[in-house]
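**Student:** This is the structure I want to talk about, given as structure tokens.
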Amino acid sequence: MSLPVGKIIIVSGPSGVGKGTLLKRVFAESGLPLVLSVSATTRKSRPGEIDGVHYRFLEATDFENRRKNGEFLECFEVFATGVWYGTLKSDVENALSEGKWVVLEIDVQGALAVKEVYPDALTVFIKPKSVEVLKERLLGRGTESEAAMNRRLETALKELEHAGQFQFVVINDDLETAVKELTEVLA
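Yeah, the sequence shown ends on 187 if you go by the numbering used here, and it's all consecutive.
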């Protein structure tokens, strides 16, 4: 009897492009054996976020110890703020051994690091219709200072330059169309 073999699917793109909204719909409607990898972070939870569902909220010392012990598939400090995000190897390996299709919704830097470890991973880059639309989405969140927003926009512009390093690009202009396109890529 052979063991089930899962897949790794990397979905990336700039902050504010709608990756989370798009993936929620694909998970609900596709019927594929998808499981979302829950990233770990040192940032504090926002209202409504649940530990282990939205993120694994770790104390900075715990995160650092895990990083030193090589427990992360990828991890990086984001926006030079002292806040770290990462993907725990054990979460991915456990889901793969169960035959699941593990979806990593991660930033471009993390995506490129995971591709080094899993070169056969399916990679999808989510793009906005335009930079102006992306700016509007980020501003609409209203969760950050102007300085933090400017850092996110600067990073987003740099991330958009990496779209060509992904196997597939989906433009998230119309949600229905983007859901259909992403589902077709995965199926």
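Glycine is no exception: its CB is placed at the ideal position from the N, C-alpha and C atoms.
If you follow the alpha helix (DSSP H) that A110 is part of, which residue opens it and which one closes it?
**Tutor:** Before going on, a small fix: residue 110 reads as Gly here, not Ala. 108–117 is the extent of the alpha helix (DSSP H) around G110.
**Student:** Quick one: what does DSSP say E77 is sitting in, helix, strand or coil?
**Tutor:** The answer is strand: DSSP assigns E77 an E or B state.
**Student:** For T87 and E74, which I take to be in contact (beta-carbon distance under 8 Å), what is that distance rounded to the nearest angstrom?
**Tutor:** Correct: roughly 5 Å between the Cβ atoms.
**Student:** Determine whether the beta carbon atoms of L134 and I8 lie at a separation below 8 Å.
**Tutor:** Not in contact: L134 and I8 (Cβ atoms no closer than 8 Å).
**Student:** Can you name the start and end residues of the beta strand (DSSP E) that F125 belongs to?
**Tutor:** 122–128 is the extent of the beta strand (DSSP E) around F125.
**Student:** Please list the terminal residues of the continuous beta strand (DSSP E) segment that includes K19.
**Tutor:** Careful: K19 lies outside any beta strand (DSSP E), inside the alpha helix (DSSP H) at 19–30.
**Student:** Would you decide whether N150 is buried or exposed? Buried here means 16 or more other CB atoms lie within 10 Å of its CB.
**Tutor:** Per the 10 Å Cβ criterion, exposed.
**Student:** Check whether the stretch 47–54 touches the stretch 111–122, counting contact only when three or more Cβ pairs, one atom from each stretch, lie closer than 8 Å.
**Tutor:** Output reads no: the stretch 111–122 does not touch the stretch 47–54.
**Student:** Just to check my reading of the structure: E159 and V108 have Cβ atoms closer than 8 Å, yes? What is that Cβ distance to the nearest angstrom?
**Tutor:** Going by Cβ atoms, the distance from E159 to V108 rounds to 4 Å, so yes, they are a contact pair.
**Student:** Of all the options E146, L186, G13, R56, which has the alpha carbon lying nearest to the alpha carbon of T41?
**Tutor:** That would be R56, whose Cα lies nearest to the Cα of T41.
**Student:** Going by the beta-carbon positions, is the gap between A178 and V169 smaller than 8 Å?
**Tutor:** Contact: no.
**Student:** Would L23 and L32 be called neighbours here (beta carbons separated by less than 8 Å)?
**Tutor:** Contact: no.
**Student:** With DSSP as the reference, label T41 as helix, strand or coil.
**Tutor:** Looking at T41 - three-state DSSP - the assignment turns out to be strand.
**Student:** Evaluate M1 with the Cβ neighbour count: other Cβ atoms within 10 Å of its Cβ, from every protein chain shown; 16 or more gives buried, anything less gives exposed.
**Tutor:** Note that M1 scores 45 on pLDDT, short of 50, meaning its location in the model is unreliable; the coordinates nonetheless yield the value given after this. So M1 counts as exposed.
**Student:** Label E136 either buried or exposed according to how many other C-beta atoms from any shown protein chain fall within 10 Å of its C-beta, with 16 as the threshold for buried.
**Tutor:** When all chains shown are included, E136 counts as exposed.
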